[in-house]
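Asker:
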Amino acid sequence: MLRRIVRFLTFCLLVSFVGTQLSQSQDKPLTRDEAKQIKSPVPYTKASIARGRILYTNDCTGCHGNDGKAQVDVIADATDLTEPKLWKSGTTEGEVFRSIRDGAGISMPPYKNQIRNPEDLWHLVNFIRSLWPEAQRPKLQEEK
Ligand code: HEC
Numbered sequence: 041m042l043r044r045i046v047r048f049l050t051f052c053l054l055v056s057f058v059g060t061q062l063s064q065s066q067d068k069p070l071t072r073d074e075a076k077q078i079k080s081p082v083p084y085t086k087a088s089i090a091r092g093r094i095l096y097t098n099d100c101t102g103c104h105g106n107d108g109k110a111q112v113d114v115i116a117d118a119t120d121l122t123e124p125k126l127w128k129s130g131t132t133e134g135e136v137f138r139s140i141r142d143g144a145g146i147s148m149p150p151y152k153n154q155i156r157n158p159e160d161l162w163h164l165v166n167f168i169r170s171l172w173p174e175a176q177r178p179k180l181q182e183e184k
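Last residue of the sequence shown: 184 (our numbering), numbering continuous.
#1: Quick one: is S147 buried, meaning 16 or more other Cβ sit within 10 Å of its Cβ, or exposed?
#2: Near K128, which residues of its chain fall below 8 Å by C-beta distance, leaving aside the five closest residues on each side in sequence?
#3: What is the C-beta distance between K76 and E183, in whole angstroms, given that I count them as a contact (C-beta under 8 Å)?
#4: By alpha-carbon positions, which one of V82, L126, D142 and Y96 ends up nearest to N153?
#5: Would you give the residue range spanned by the alpha helix (DSSP H) that V82 belongs to?
#6: State buried or exposed for N157, treating a residue as buried only when at least 16 other CB atoms are found within 10 Å of its CB.
#7: Given the structure, does L126 come close to the ligand HEC, in the sense that its CB is under 8 Å from one of the ligand's heavy atoms?
#8: Would you give the residue range spanned by the alpha helix (DSSP H) that I140 belongs to?
#9: Got a sec? Which residues, its chain only, sit under 8 Å from L95 by beta carbon, not counting five neighbours each side?
#10: Could you give the distance in angstroms between the alpha-carbon of V82 and the alpha-carbon of R44?
#11: Since I believe L171 is in contact with G108 (beta carbons under 8 Å), could you give me their beta-carbon distance rounded to a whole number of angstroms?
#12: On the CB-based measure, 16 or more other CB atoms within 10 Å of its CB, does E135 come out buried or exposed?
#13: Buried or exposed: G105, going by 16 or more other Cβ atoms within 10 Å of its Cβ?
#14: In or out: E133 buried (at least 16 other Cβ within 10 Å) or exposed?
#15: How many Å lie between N70 and P150 at the Cα?
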C-alpha cells in the first residue's frame with residue numbers, strides 16, 4: 041500500500057515538473073534571430089485579417105490608434121504601424137509575432153499572458169500587415 045502511494049506521488053511530481061518545464065520553454069522570450077526563422081502557420085486571408093482587426097480593436101487602439109498611426113493621443117511614442125520602414129524591431133512575420141508576443145522596445149507591453157492562443161497572435165500579425173502600403177503587404181491567399 042505505502043509503495044503504491046509513494047509511486048503515485050512520484051508520478052505526480054514528475055508530471056508537474058514536466059508541465060512547468062514545458063510552459064516555461066513556451067513563455068521564454070524569443071531572440072530576434074529565433075523570431076526570423078518562424079513561419080506563420082496562419083495564412084494571410086480576409087478571414088484572418090478580420091479576426092485580427094477585432095483583437096486589435098480590443099487590445100491595441102489605446103496606444104496605436106484606430107488606424108495604427110498613433111497620431112492622436114500619442115502615448116509613449118508608439119510606432120506608426122502603417123509605416124514598416126520606420127519599424128525598430130523587424131518586419132518579417134516572425135519578428136512582428138515576437139514584438140506582439142514578447143513586447144518591443146521599452147514601452148510596448150508583451151501580450152503572451154493576455155492573448156494565450158498563438159493563432160490569435162498570428163491573426164494580429166496578419167491584420168497589422170494589412171495596414172502596410174500595398175507594395176509591402178503579403179499576397180492575399182484564398183480561403184480554404
Ligand atoms: C501601452 C501602449 C501600447 C499598447 C497597448 C500596444 N502597443 Fe505596440 N507599441 C507601443 C510602443 C511604445 C511601441 C514602440 C516600442 C519601441 O520603442 O520600439 C510599440 C511597438 C509595436 C510594434 C513593433 C514596431 C517596431 O518598431 O518594430 C508592433 C508590431 C506593435 N507595437 C503592435 C501592437 C499590437 C498588435 C498591440 C495590441 C495587441 C499593441 N502593439 C499594443 C505601445 C503599445
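For glycine and all other residues, C-beta sits at the position ideal for the given N, C-alpha and C.
Answerer: By the coordinates alone:
#1: S147 comes out exposed.
#2: Here the set comprises T119, A144 and G145.
#3: Taking the Cβ atoms as the reference, K76 lies roughly 28 Å from E183, outside the contact range of under 8 Å.
#4: Closest by alpha carbon: D142.
#5: DSSP places V82 outside any alpha helix (DSSP H), giving it a letter other than H or E.
#6: The residue in question, N157, is exposed, as its Cβ has fewer than 16 Cβ neighbours within 10 Å.
#7: In this structure, L126 has its beta carbon less than 8 Å from a heavy atom of the ligand HEC.
#8: According to the DSSP assignment, I140 belongs to the alpha helix (DSSP H) that extends over E133 to D142.
#9: Cβ-Cβ distances below 8 Å link L95 to I155, D160, H163, L164 and F167 in the same chain, with the five nearest sequence neighbours on each side left out; the list follows chain order.
#10: So the alpha carbons of these two residues sit roughly 46 Å apart.
#11: The Cβ separation is near 4 Å, so the contact holds.
#12: Here E135 is buried, its C-beta having at least 16 other C-beta atoms within 10 Å.
#13: With 16 or more Cβ atoms within 10 Å of its Cβ, G105 is classed as buried.
#14: By the Cβ-count criterion, E133 is buried, with 16 or more other Cβ atoms from all chains shown falling within 10 Å of its own Cβ.
#15: For the sequence presented, residue 70 should be read as Leu rather than Asn. Spanning the two alpha carbons is a distance of roughly 12 Å.
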